[in-house]
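Only one structure is covered here, and it is reproduced in the block below.
Number of protein chains: 2
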Amino acid sequence: MDQKGILIVLSGFSGAGKGTVMKRLMEKYDNYALSISATTRKPREGEQDGREYFFKETEEFEKMIAQDELIEYARYVDNYYGTPRSYVEEQLAAGKDVILEIEIQGALKVKEKFPETLLIFITPPNAAELKRRLVGRGTETMDVIEGRLSRAKEEADGIEAYDYFIVNDELETCVDDLHAVIQSEKKKTVRNAESIERIRKELGEL
Amino acid sequence: MDQKGILIVLSGFSGAGKGTVMKRLMEKYDNYALSISATTRKPREGEQDGREYFFKETEEFEKMIAQDELIEYARYVDNYYGTPRSYVEEQLAAGKDVILEIEIQGALKVKEKFPETLLIFITPPNAAELKRRLVGRGTETMDVIEGRLSRAKEEADGIEAYDYFIVNDELETCVDDLHAVIQSEKKKTVRNAESIERIRKELGEL
Chain A
1 MDQKGILIVL SGFSGAGKGT VMKRLMEKYD NYALSISATT RKPREGEQDG REYFFKETEE
61 FEKMIAQDEL IEYARYVDNY YGTPRSYVEE QLAAGKDVIL EIEIQGALKV KEKFPETLLI
121 FITPPNAAEL KRRLVGRGTE TMDVIEGRLS RAKEEADGIE AYDYFIVNDE LETCVDDLHA
181 VIQSEKKKTV RNAESIERIR KELGEL
Chain B
1 MDQKGILIVL SGFSGAGKGT VMKRLMEKYD NYALSISATT RKPREGEQDG REYFFKETEE
61 FEKMIAQDEL IEYARYVDNY YGTPRSYVEE QLAAGKDVIL EIEIQGALKV KEKFPETLLI
121 FITPPNAAEL KRRLVGRGTE TMDVIEGRLS RAKEEADGIE AYDYFIVNDE LETCVDDLHA
181 VIQSEKKKTV RNAESIERIR KELGEL
């Protein structure tokens, strides 16, 4: 097995349960690192620099863009969001599988820069369940919920850009499926060129 | 999840432990069916028609070829070997994942006819271990062993034609890896067109 970690993009509808799945994946298996985004938006109550986000001034963020220190970035509603390159590269080199939780536009940019990136889309079992989860949070107005559902319809058009489609019905099953998909990816022939070359060389020397 | 089973070709050096791995996989998980080859070679002692092989007369076998009843076939040393189509198709339709244990020429023919076939190559951890296992069997002359090692060198040239490369070091790990790779394959976006279409339709109707 070649030892470098792999880069994974995880996307999915708001309400698919990505946050819970990621949290449980990190608890259950120790070979993952979760990339932390940089943003220019102000910290909300309880958020901590370097935990939820790396909080940056606009000037700092634009300097990161200029110096190619971000794998991808986007601007939403007057704020920048992006993925710092250094953390991702350090973790991959250390053999960790690094997960970016970003949306499709970012996913496609990452795939362009790093063609070996694994793109995974997480979905609830059906649309009624998605709505139920969004309403069940009880923290958002119906307007916000309608907005998220309308966004989900747009996102659904892009699912074919992803490599894998994982249903989050029961949490533990979803986490184990996600882990199996990522670890199986490491068994791909294209990711084992060194091992294959080694065994060829050994056979030649027998 | 779309419910049809998937077709898997398993190849690997003689001495990689394919037989043991397959036996354990079938014991441990119940969603697999092992395809049984047809052959014109005579049964050896202890072999049973419909268990090790379907034993056929040459005329019968050639009729099967003419009627396109074989997914692939080849002739080795005056005998035909081939994969009967009907069993494979029945098992796939019943949702079983069907495994063919065949060599690279057959693997490539199957992939051509059924592009969604998953090609998996199994290898021992290194060439010294391969030799040790072949010698350890104690049932073959050194001439036969040298022949198998020389064949392994040829086979090693074709590994890149396979999708996955699985090392058989410790049996249970290898079996679980194989299971994870096959089951993860079912999570591929391209294999879930129906489910994706369904959730899109549901979102549109909310």
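In the order they appear, the protein sequences are chains A and B. In terms of UniProt numbering, the numbers along the first sequence are unbroken and rise by one, the last being 206. In terms of UniProt numbering, the numbers along the second sequence are unbroken and rise by one, the last being 206. Using N, Cα and C, we set each Cβ at its ideal position, and we do this for glycine too. Quantities reported herein were computed from a predicted structural model and do not represent experimental measurements.
For residue 33(A), the three-state DSSP class (helix, strand or coil)
Sequence index remark: in the first sequence, residue 33(A) carries index 33 (1-based). Judged by DSSP in its simplified three-state form, residue 33(A) adopts strand.
Given residue 145(A), which residues of its chain have a CB within under 7 Å of its CB, disregarding the five upstream and five downstream residues?
As a first step, residue 145(A) is located in the first sequence; it is residue number 145 there, counting from the start. These residues qualify, in order along the chain: 134 and 135.
Between the C-alpha atoms of residue 186(B) and residue 181(A), what's the straight-line distance to the nearest angstrom?
Translated into the one-based positions of the second sequence, residue 186(B) becomes position 186. Translated into the one-based positions of the first sequence, residue 181(A) becomes position 181. Approximately 10 Å, taken between the alpha carbons.
Can you give me the C-alpha to C-alpha distance between residue 108(A) and residue 93(A), rounded to a whole angstrom?
Mapped onto the first sequence, residue 108(A) falls at position 108. Mapped onto the first sequence, residue 93(A) falls at position 93. For residue 108(A) and residue 93(A), the distance between alpha carbons rounds to 22 Å.
Where the alpha helix (DSSP H) through residue 61(B) begins and ends:
Within the second sequence, residue 61(B) is the residue found at index 61, counting from 1. Counting along the chain, residue 61(B) sits inside the alpha helix (DSSP H) bounded by residues 58-66.
Check each candidate in 49(A), 105(A) and 90(A) and name the one with the smallest Cα separation from residue 75(A).
Sequence index remark: in the first sequence, residue 75(A) carries index 75 (1-based). Here the closest residue by C-alpha is 105(A).
Cut-off 7 Å between Cβ atoms - residues of its own chain near residue 101(B), not counting five sequence neighbours on either side:
As a working note, residue 101(B) is residue 101 in the second sequence. Once the five neighbours on either side are set aside, the close Cβ partners of residue 101(B) are 10, 18 and 22.
Note the first and the last residue of the continuous alpha helix (DSSP H) segment covering residue 108(A).
The residue you call residue 108(A) lines up with position 108 of the first sequence. Counting along the chain, the alpha helix (DSSP H) containing residue 108(A) begins and ends at 104-113.
Residue 159(B) versus chain A: which residues are under 7 Å apart at the beta carbon?
Residue 159(B) sits at position 159 when you count from the first residue of the second sequence. Here the neighbours are 189 and 196.
Contact defined as beta carbons within less than 8 Å: I believe residue 80(A) pairs with residue 61(A). What is the distance between those atoms, to the nearest angstrom?
In the first sequence, residue 80(A) corresponds to position 80, counting from 1. In the first sequence, residue 61(A) corresponds to position 61, counting from 1. That belief holds up - the Cβ atoms of residue 80(A) and residue 61(A) are roughly 5 Å apart, short of 8 Å.
Of all the CB atoms in chain A, is at least one closer than 7 Å to the CB of residue 181(B)?
On the second sequence, residue 181(B) is found 181 positions in, with the first residue counted as 1. Closer than 7 Å: yes.
Just checking: is the beta-carbon of residue 107(A) within a distance shorter than 7 Å of some beta-carbon in chain B?
As a working mapping, residue 107(A) is identified with position 107 in the first sequence. Closer than 7 Å: no.
Any C-beta of chain A within less than 7 Å: which residues of the segment 87-108 of chain B qualify?
none
In angstroms with no decimal places, state the Cα-to-Cα distance between residue 103(B) and residue 125(A).
Along the second sequence, read from residue 1 onward, the residue named residue 103(B) stands at position 103. Along the first sequence, read from residue 1 onward, the residue named residue 125(A) stands at position 125. Rounded to whole angstroms, residue 103(B) to residue 125(A) spans 39 Å at the Cα level.
On a CA-only basis, which of 15(A), 160(A) and 192(A) is nearest residue 242(A)? Give me that one, please.
Since the first residue of chain A shown is 1 and the last is 206, residue 242(A) is not available in this structure.
Is the CB of residue 156(B) under 7 Å away from at least one CB in chain A?
The residue given as residue 156(B) occupies position 156 in the second sequence. With 7 Å as the cut-off, residue 156(B) counts as an interface residue toward chain A.
Name, going along the chain, the residues of the segment 121-144 of chain B whose beta-carbon falls closer than 9 Å to a beta-carbon of chain A.
Hits within the stretch, in order: 121, 123, 124, 125, 126, 127, 128, 130 and 131.
Does the pairing of the segment 194-201 of chain A with the segment 154-163 of chain B give three or more beta-carbon distances under 8 Å?
Because the criterion of three Cβ pairs below 8 Å is met, the segment 194-201 of chain A and the segment 154-163 of chain B touch.
Per-residue DSSP class, three states only, for residue 1(B):
One-based indexing of the second sequence puts residue 1(B) at position 1. Low local confidence applies: a pLDDT of 47 at residue 1(B) is under 50, so the model's placement there is unreliable, with the coordinate-based value given in what follows. Here residue 1(B) sits in coil by DSSP.
Give a yes or no on whether 7 Å exceeds the smallest Cβ distance from residue 7(B) to chain A.
Stepping through the second sequence from its first residue, residue 7(B) is reached at position 7. Not an interface residue.
Would you say residue 152(A) lies against chain B (beta-carbon separation less than 7 Å)?
On the first sequence, position 152 is the one that residue 152(A) refers to. Output row for residue 152(A): interface = yes.
Alpha helix (DSSP H) segment containing residue 178(B), residue limits:
Indexing the second sequence from 1 puts residue 178(B) at position 178. First-last of the alpha helix (DSSP H) with residue 178(B): 171-185.
By Cβ distance, which residues of its chain are closer than 8 Å to residue 20(B), with the 5 residues on each side in sequence left out?
By 1-based counting over the second sequence, the position of residue 20(B) is 20. Counting only Cβ-Cβ distances below 8 Å, and skipping sequence neighbours, we find 171.
Supposed contact pair residue 95(B) and residue 4(B) - C-beta distance, whole angstroms, cut 8 Å:
Within the second sequence, the letter at position 4 stands for residue 4(B). Within the second sequence, the letter at position 95 stands for residue 95(B). That belief holds up - the Cβ atoms of residue 4(B) and residue 95(B) are roughly 7 Å apart, short of 8 Å.
Which residues mark the beginning and the end of the beta strand (DSSP E) in which residue 70(B) is found?
Taking the second sequence and counting its residues from 1, the one referred to as residue 70(B) is at position 70. Note, residue 70(B): beta strand (DSSP E), 70-76.
CB of residue 32(B) to nearest heavy atom of the ligand PLP: below 6 Å?
Although the ligand PLP was asked about, the structure shown includes no ligands whatsoever.
Residues bridged to residue 101(B) [DSSP beta-bridge criterion]:
Start at 1 with the first residue of the second sequence, and residue 101(B) comes out as number 101. Within the DSSP secondary-structure output, residue 101(B) pairs in a beta bridge with 10(B).
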